[in-house]
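**Student:** Counting in my numbering, the sequence shown runs from 77 upward without gaps.
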Amino acid sequence: MALINENYLKLKAGYLFPEIARRVREFSSANPAAKIIRLGIGDVTQPLAPAVLKAFHEAVDDLGTTDRFAGYGPEQGYDWLSEVLIEKCFKPLGVELKPHEIFISDGSKCDCANMLDIFALDNKVAIGDPVYPVYNDTNVMVGRTGEADEKGYYKGVVYMPFTEENNFVPELPKEKVDIIYLCFPNNPTGTVASKDELKKWVDYANANDAVIFFDAAYEAFITTPGIPHSIYEIEGAKSCAIEFRSFSKTAGFTGVRCGLVVIPDEVKGTKQNGEKHPLNKLWLRRMTTKFNGTSYPVQRAAAAVYSEEGWQQTREIIDYYMENARIIREGLAEAGITCYGGVDSPYIWLKTPQGLSSWDFFDKLLSECHVVGTPGSGFGPSGEGYFRLSAFGDRDNIKTAVERIKNKWGN
Ligand code: MLT
């Protein structure tokens, strides 16, 4: 008898984005003439930077030669990529890392989920609300939670509300927690945390022997000077934080797949007997057993993102998306809709007009404006009454979507 992992049955029937896709498919087959603009899932639309594409092609060609052929690479990624990342992404922030402290992967979603493998089930986790659903659902899947209550809060999880009142930076938890998920620039609210705000979390984690999972997938979209791009810019973070980064949004790799995890040697977990153990060693053990490395051409393409030419071209694409964000933000403001984010992040978090529920607004926006977004309540109960628009669209579509929203909701 093959017993199933019944923790999966505690989850809502479908993951948020496939549920949105299902509703859009339904609408679209009933209304084939509707020109639907998709600003829901944060999926990029612009092609890879030419220098990145060139490196990708060349690496594929390498595989057709005997002297440059690449078979299994190191499970944790090639040193030449980690060295590029250290030089180009961390050194400029004043953060010193060693290549073995960086693990290259096939993306941040898997990393955040898989990281739970190396932590005991009886840890207490603190998760934002609203939040990127993966943090919550993967904790449910491994069995760290009880059932959800009628609002959608799972028993055993400490939820940290991200609200207008706290400026979308949560308070420290009142009860002691062991693992804290922080994501800045935040998905879904698009808001950021200052160094002082992050310092409180780092101090809390160090004082309580907790570990911070810091998701920095959107760091490249920060435009405000002084906002931290990495948790390691905060004093003390190297002894309590794991950082997740991704090429998905930064370099248009949502289909290519490449991410990284940083685990400094200093960050340690605790054994039942109270002894400390480096998390880097555990994660290496996990990676070498369960993963065979990100493909060679993908890692070559990733390294090319940070070549002089590659970064200039990549930066232009990021700026393009951020101009989209400005157009959405300002357009919504003109329509009298309150919104947040969109300055240091490609996401705009808006308050639904006329007090509509998030899903009612979703349905109205889809049926009347033919625009798809993401209902805030899909990210957690505190997201109710909010809605997320992504700036990763094509410029003409963004302008059209904003016009349609203004025509419908503007005064
Ligand atoms: C989102 O829209 O929140 C993201 O694209 C989802 C993801 O990165 O997995």
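Using N, Cα and C, we set each Cβ at its ideal position, and we do this for glycine too.
Give the range of the beta strand (DSSP E) segment to which Tyr308 is assigned.
**Tutor:** From DSSP, Tyr308 is part of no beta strand (DSSP E); its letter is neither H nor E.
**Student:** In whole angstroms, what is the alpha-carbon distance linking Leu173 and Ile162?
**Tutor:** Roughly 6 angstroms separates the two Cα atoms.
**Student:** At a cut-off of 7 angstroms, would you count Asp205 as near ligand 1, judging by its Cβ distance to the nearest heavy atom?
**Tutor:** Incorrect: Asp205 has no Cβ contact closer than 7 angstroms to ligand 1.
**Student:** Does the beta-carbon of Ala106 have 16 or more other beta-carbons within 10 angstroms, so that it is buried, or is it exposed?
**Tutor:** Classification of Ala106: exposed, given that the 10 Å Cβ count is below 16.
**Student:** Which residues in the same chain have their Cβ closer than 6 angstroms to the Cβ of Glu385, if we skip the five residues on either side of it in sequence?
**Tutor:** Same-chain partners within the cutoff: Ala127.
**Student:** Have a look at Val343 and Ile404 and give me their C-alpha separation to the nearest angstrom.
**Tutor:** The alpha-carbon atoms of Val343 and Ile404 are separated by roughly 40 angstroms.
**Student:** Which class does His446 belong to by DSSP, given the choice of helix, strand or coil?
**Tutor:** Coil at His446, not helix or strand.
**Student:** Considering Cα atoms alone, identify which of Thr265, Phe323, Gly407, Asp439 is closest to Trp66.
**Tutor:** Any answer about residue 66 is impossible in this case: the structure gives the chain only from 77 up to 487.
**Student:** In whole angstroms, give me the CA-to-CA distance for Thr365 and Leu197.
**Tutor:** Looking at the two C-alpha atoms, the distance is approximately 20 angstroms.
**Student:** Can Tyr416 be considered in contact with ligand 1, in the sense that its beta carbon sits closer than 7 angstroms to one or more heavy atoms?
**Tutor:** Outside the cutoff, so no.
**Student:** If we ignore side chains and look at the alpha-carbon of each, how far apart do Gln375 and Leu157 end up?
**Tutor:** For Gln375 and Leu157, the distance between alpha carbons rounds to 7 angstroms.
**Student:** Is Tyr84 close to ligand 1? I mean its beta-carbon at under 7 angstroms from any heavy atom of the ligand.
**Tutor:** Result no, Cβ not under 7 angstroms from ligand 1.
**Student:** How is Tyr211 classed by DSSP in three states: helix, strand or coil?
**Tutor:** Correct three-state label for Tyr211: helix.
**Student:** Just to confirm my understanding: we take Ile307, look at its own chain, exclude 5 residues before and 5 after, and list those with CB closer than 8 angstroms. What are they?
**Tutor:** Leu258, Leu274, Val278, Ile288, Phe290, Ala292, Ala313, Ala317, Glu319.
**Student:** Assign Met236 to buried or exposed, taking buried as 16 or more other Cβ atoms, counted over all protein chains shown, within 10 Å of its Cβ.
**Tutor:** So Met236 counts as buried.
**Student:** On the criterion of 16 or more Cβ atoms from any shown chain inside 10 Å, does Gln430 qualify as buried, or is it exposed?
**Tutor:** It is exposed - the Cβ of Gln430 has fewer than 16 other Cβ atoms within 10 Å.
**Student:** Please name the residue in Glu351, Thr300, His446 whose C-alpha comes closest to that of Leu115.
**Tutor:** Ranking the options by Cα distance to Leu115, first place goes to His446.
**Student:** If I'm right that Asp420 touches Ile303 with Cβ under 8 angstroms, what's the distance once you round it to whole angstroms?
**Tutor:** Between Ile303 and Asp420 the Cβ distance is about 6 angstroms, and since that is below 8 angstroms, they are a contact.
**Student:** Less than 8 angstroms between C-beta atoms, sequence neighbours within five positions excluded: which residues of the same chain meet that for Lys276?
**Tutor:** Excluding sequence neighbours, Lys276 sits near Leu248.
**Student:** Determine, using beta carbons only, whether Gly183 and Gly369 come nearer to each other than 8 angstroms.
**Tutor:** Cβ atoms of Gly183 and Gly369: not closer than 8 angstroms.
**Student:** When you measure from the CB of Asp213 to every non-hydrogen atom of ligand 1, does any distance come out below 7 angstroms?
**Tutor:** No, since every heavy atom of ligand 1 falls outside the 7 angstroms radius drawn around the Cβ of Asp213.
**Student:** I believe Lys86 touches Ala224 by the beta-carbon criterion, under 8 angstroms. Please report the beta-carbon distance rounded to the nearest angstrom.
**Tutor:** Contact holds; Cβ gap of about 6 angstroms.
**Student:** Please look up how many angstroms separate the CB atoms of Ser458 and Phe238, rounded, as I've assumed it's under 8 angstroms.
**Tutor:** Sure, about 7 angstroms apart at Cβ, within 8 angstroms.
**Student:** Have a look at Tyr208, Pro168, Gly140 and flag the residue whose alpha-carbon is nearest the alpha-carbon of Phe93.
**Tutor:** Among Tyr208, Pro168, Gly140, the Cα nearest to that of Phe93 is on Tyr208.
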